[in-house]
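To start, the structure under review is shown below, and the notes come after it.
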Amino acid sequence: LAKTTQPISMDSYEGQEVNITCSHNNIATNDYITWYQQFPSQGPRFIIQGYKTKVTNEVASLFIPADRKSSTLSLPRVSLSDTAVYYCLVGVSNYGGSQGNLIFGKGTKLSVKP
Amino acid sequence: DSGVTQTPKHLITATGQRVTLRCSPRSGDLSVYWYQQSLDQGLQFLIQYYNGEERAKGNILERFSAQQFPDLHSELNLSSLELGDSALYFCASSGAVPDRRIATDTQYFGPGTRLTVL
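Chains A and B, in that order, give the protein sequences.
Here the numbering used here is used: the first sequence runs in plain steps of one and ends on residue 115.
Here the numbering used here is used: the second sequence runs in plain steps of one and ends on residue 152.
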């Protein structure tokens, strides 16, 4: 199982860049890495997904080194509304009859201060 | 609004009881996932259905069961409820096809059902 490890919490100030790293040492060859954002009492929301190197969209960038054993979510110029829990997700295939299991880490609670 | 609906929003019941949570996926999505989120835990994957068939199974207790109906809505049944079952239960949907890795599909989460067992 591709278990993930993230920092429990991070603090930042408005306007700063925030980098959250996720470790996934047992990632499988065909696994993608996906990040979700969750506000209190709401369902998680997709942020970004990648397989290797770098992916960028309008809200974030995702950096994945060559060995793919970790990934870093980068949030440019955060604002107060970015205060949330951020989850790194790496899945396991259920090919060959083995049971799949979607492993969300416990998430990183990001607090953005004015 | 993700397009995924869940009912009820809140549910309060007693230990030993049985409840049913309902989820309607986004229009066109064939996969439904169920997750449990307790106060001090992250998201725990329970089970996935694709087009009516069980596709992947996580840490789902034997007291819990789920199904996906021909109209693609899904129900999660929780029986012999215990205090520890109190949690937020989320449903998510995606357009996953059976030969793709489940983690590659963006999941759209519903607003959740908050279950309180007294």
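The beta carbon of each residue, even a glycine, is placed where N, CA and C say it ideally should be.
Selection from the options that minimises the alpha carbon distance to residue i
i                : options                                   : result
His107 (chain B) : B:Lys43, B:His44, B:Ser58 and B:Gly50     : B:Ser58
Phe47 (chain A)  : A:Lys4, A:Tyr88, A:Lys110 and A:Leu111    : A:Tyr88
Ser36 (chain B)  : B:Leu115, B:Gln141 and B:Tyr83            : B:Gln141
Leu152 (chain B) : B:Leu110, B:Asp119 and B:Leu77            : B:Asp119
Ser114 (chain B) : B:Gln82, B:Arg97, B:Thr39 and B:Pro145    : B:Arg97
His44 (chain B)  : B:Leu55, B:Leu77 and B:Gly50              : B:Leu55
Gly44 (chain A)  : A:Val86, A:Leu63 and A:Val91              : A:Val86
Gly76 (chain B)  : B:Phe124, B:Glu109, B:Gly144 and B:Ser128 : B:Phe124
Asn27 (chain A)  : A:Leu111, A:Val56 and A:Arg69             : A:Arg69
Asp83 (chain A)  : A:Lys53, A:Thr35, A:Thr6 and A:Phe40      : A:Phe40
Ser112 (chain A) : A:Thr5, A:Asn20, A:Thr54 and A:Ile49      : A:Asn20
Ser137 (chain A) : A:Leu74, A:Lys55 and A:Glu18              : Since the first and last residues shown for chain A are 2 and 115, residue 137 (chain A) lies out of range.
Gly50 (chain B)  : B:Leu122, B:Gly144, B:Ala121 and B:Leu117 : B:Leu117
Ser65 (chain B)  : B:Ile81, B:Leu112 and B:Ser72             : B:Ile81
Collapsed DSSP secondary structure at residue i in the structure displayed
i                : result
Met11 (chain A)  : strand
Gly51 (chain A)  : strand
Leu81 (chain A)  : helix
Leu117 (chain B) : helix
Glu87 (chain B)  : strand
Ala29 (chain A)  : coil
Gln39 (chain A)  : strand
Asn58 (chain A)  : coil
Lys110 (chain A) : strand
Asn20 (chain A)  : strand
Glu96 (chain B)  : coil
Cutoff 8 Å: residue i Cβ touching any chain B Cβ
i               : result
Tyr88 (chain A) : yes
Phe64 (chain A) : no
Gly51 (chain A) : no
Phe40 (chain A) : no
The ligand NAP heavy atom lying under 7 Å from the CB of residue i
i                : result
Leu149 (chain B) : Questions concerning the ligand NAP fall outside what the structure shown contains, since it holds no ligand whatsoever.
Minimum Cβ-Cβ distance from residue i to chain A less than 8 Å
i                : result
Leu73 (chain B)  : no
Gly144 (chain B) : yes
Thr140 (chain B) : yes
Ser99 (chain B)  : no
Ser36 (chain B)  : yes
Phe124 (chain B) : yes
Beta-carbon neighbours of residue i, restricted to chain B and to distances below 8 Å
i                : result
Lys144 (chain A) : No answer is possible for residue 144 (chain A): the residues shown for chain A start at 2 and end at 115.
Contact set between residue i and chain B, taken where Cβ atoms lie within less than 7 Å
i               : result
Gln43 (chain A) : Pro145
Neighbour list for residue i in chain A, Cβ cutoff strictly below 7 Å
i                : result
Ser127 (chain B) : Residues of chain A passing the Cβ test: none, with the nearest at roughly 11 Å.
Residue-chain proximity (residue i, chain E), Cβ-Cβ < 8 Å
i               : result
Ala67 (chain A) : Chain labels in this structure do not include chain E; the protein chains are A and B.
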